[in-house]
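Residue numbers (the working numbering): 3 to 439.
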């Protein structure tokens with residue numbers, strides 16, 4: 003796999019305003035919700051991946067073997083047998099836990115309905131038809147994923163988002179009735195993974211046909227599908243962009259055994275951008291949310307990215323997947339070690355696996371060739387808002403000529419920016435793109 007050059011570093015060097023957490027090595031959900039968007043905060047360094055937790059585990063097992071040996075020397079056979087069995091049982095148990103946890107967290111999800119399954123399972127009512135065409139995230143008032151994301155918000159903000167969702171669902175359904183359904187498209191990533199997407203083509207907006215030559219690749223979040231980005235499609239197509247609505251690997255109708263956390267998916271984004279260029283695109287925008295934003299940002303640092311890619315829009319992007327997991331774990335009152343260390347070790351040795359610690363958009367910032375618009379929800383409780391701020395400051399430091407920008411939405415949480423403040427959202431996006439596409 004050809005990958006762009008990546009540079010290390012914490013990204014905090016030289017950044018003014020950085021300060022540690024008020025509670026060492028802990029980020030609570032309440033703290034994240036109160037976090038000012040112009041303040042940098044970070045999880046303590048001991049939560050970074052490293053050998054220390056595994057060394058502690060190895061030392062514990064060695065201690066058990068030493069006790070068994072001492073018991074054998076003095077003739078305590080029951081104790082010897084017990085302390086010989088315990089290390090092996092611990093190793094087998096740890097591997098079993100790591101395997102189950104990895105499959106649960108990063109393995110392919112069979113719970114995400116494919117477009118075909120959604121259409122075939124939909125009820126013949128107008129609501130069912132809308133859900134099949136728009137996806138439940140936009141069409142269903144009780145969609146569990148959106149309900150989970152908006153639960154931490156205050157009641158008046160949830161009401162605002164629901165009102166905007168209903169209006170967007172009606173507008174998109176009417177637009178689809180005029181525009182027609184999507185095309186189906188398939189590509190193969192450079193590592194052989196078969197990928198699927200829905201394509202909405204724009205009509206030419208002028209005599210030169212420029213509208214059909216501008217494309218956007220829309221990328222969903224972790225464990226999501228094409229449904230999550232359907233609120234964006236109509237706006238892009240009406241603005242003259244043809245839209246590629248992707249199922250990332252291990253999601254929907256795309257193949258793959260493991261969720262890529264942006265690292266594996268960056269190759270897939272390059273494949274879709276190349277496909278759009280083959281379809282006649284003169285300029286391509288990468289627009290992702292959460293994990294999709296990480297994939298877009300990392301793809302923008304790939305050497306194999308087509309020159310036609312002109313801009314990146316990154317919503318609620320994390321600095322790296324490991325630290326995002328640390329923040330989430332600490333917010334739930336859980337300990338990162340040794341569970342994540344075992345998962346990391348297990349996943350690295352699986353077919354199609356990878357190192358979780360390599361899923362780090364921050365390390366690709368030095369290789370960016372296009373400008374990035376960072377969008378963050380100030381009330382995001384899954385990806386701390388400070389991460390977008392840190393990425394923007396670091397990108398601006400490394401490539402000031404690209405004029406990277408950032409917009410913060412005080413009424414939005416995770417994946418709800420467009421539904422929380424639609425007018426301001428689209429003004430920020432199209433103002434940024436108008437200078438580049």
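Cβ coordinates follow ideal geometry from the N, Cα and C atoms, glycine included.
| Item | Value |
| --- | --- |
| Three-state secondary structure (DSSP) of residue 259 | coil |
| Between the CA atoms of residue 344 and residue 167 - distance to the nearest angstrom | 40 Å |
| Secondary structure of residue 248, DSSP reduced to three states | strand |
| Residue 376 versus residue 434 - alpha carbon distance | 10 Å |
| Distance, residue 235 Cα to residue 408 Cα | 22 Å |
| Residue burial classification, residue 140 (beta-carbon count within 10 angstroms, cutoff 16) | buried |
| Per-residue DSSP class, three states only, for residue 135 | helix |
| N-terminal and C-terminal residue of the alpha helix (DSSP H) that residue 174 is part of | 157-181 |
| Classification of residue 83 by the beta-carbon crowding that lies within 10 angstroms, buried from 16 upward | exposed |
| From 353, 328, 158, 383, residue whose alpha carbon lies closest to that of residue 341 | 328 |
| Within 8 Å, strictly: CB atoms of residue 307 and residue 301 | yes |
| Local conformation of residue 215 per DSSP, three classes | helix |
| Close beta carbons around residue 189, own chain, < 7 Å, minus the five adjacent residues each side | 197, 273, 274, 277 |
| 8 Å Cβ cutoff met for residue 356 and residue 266 | yes |
| Extent of the continuous alpha helix (DSSP H) run through residue 347 | 341-350 |
| Three-pair Cβ contact test at 8 Å for the region 100-112 versus the region 250-260 | yes |
| Buried versus exposed, by CB contacts within 10 Å (16 or more), residue 215 | buried |
| Cβ contact check for the region 60-75 and the region 86-98: 3 or more pairs under 8 Å | yes |
| Check whether residue 151 and residue 391 have beta carbons under 8 Å apart | no |
| Candidates 358, 155, 410, 399, of which the one nearest residue 346 by Cα | 358 |
| Beta-ladder partner(s) of residue 317, from DSSP | 291, 377 |
| For residue 258 and residue 192, the rounded distance between their alpha carbons | 13 Å |
| 8 Å Cβ cutoff met for residue 295 and residue 246 | no |
| Spatial neighbours of residue 137 in its chain, beta-carbon cut-off 6 Å, leaving aside the 5 residues before and after | 229, 232 |
| Alpha carbon of residue 303 to alpha carbon of residue 369, nearest angstrom | 5 Å |
| Coil, strand or helix - residue 196 by DSSP | strand |
| Buried versus exposed, by CB contacts within 10 Å (16 or more), residue 80 | exposed |
| Local conformation of residue 395 per DSSP, three classes | helix |
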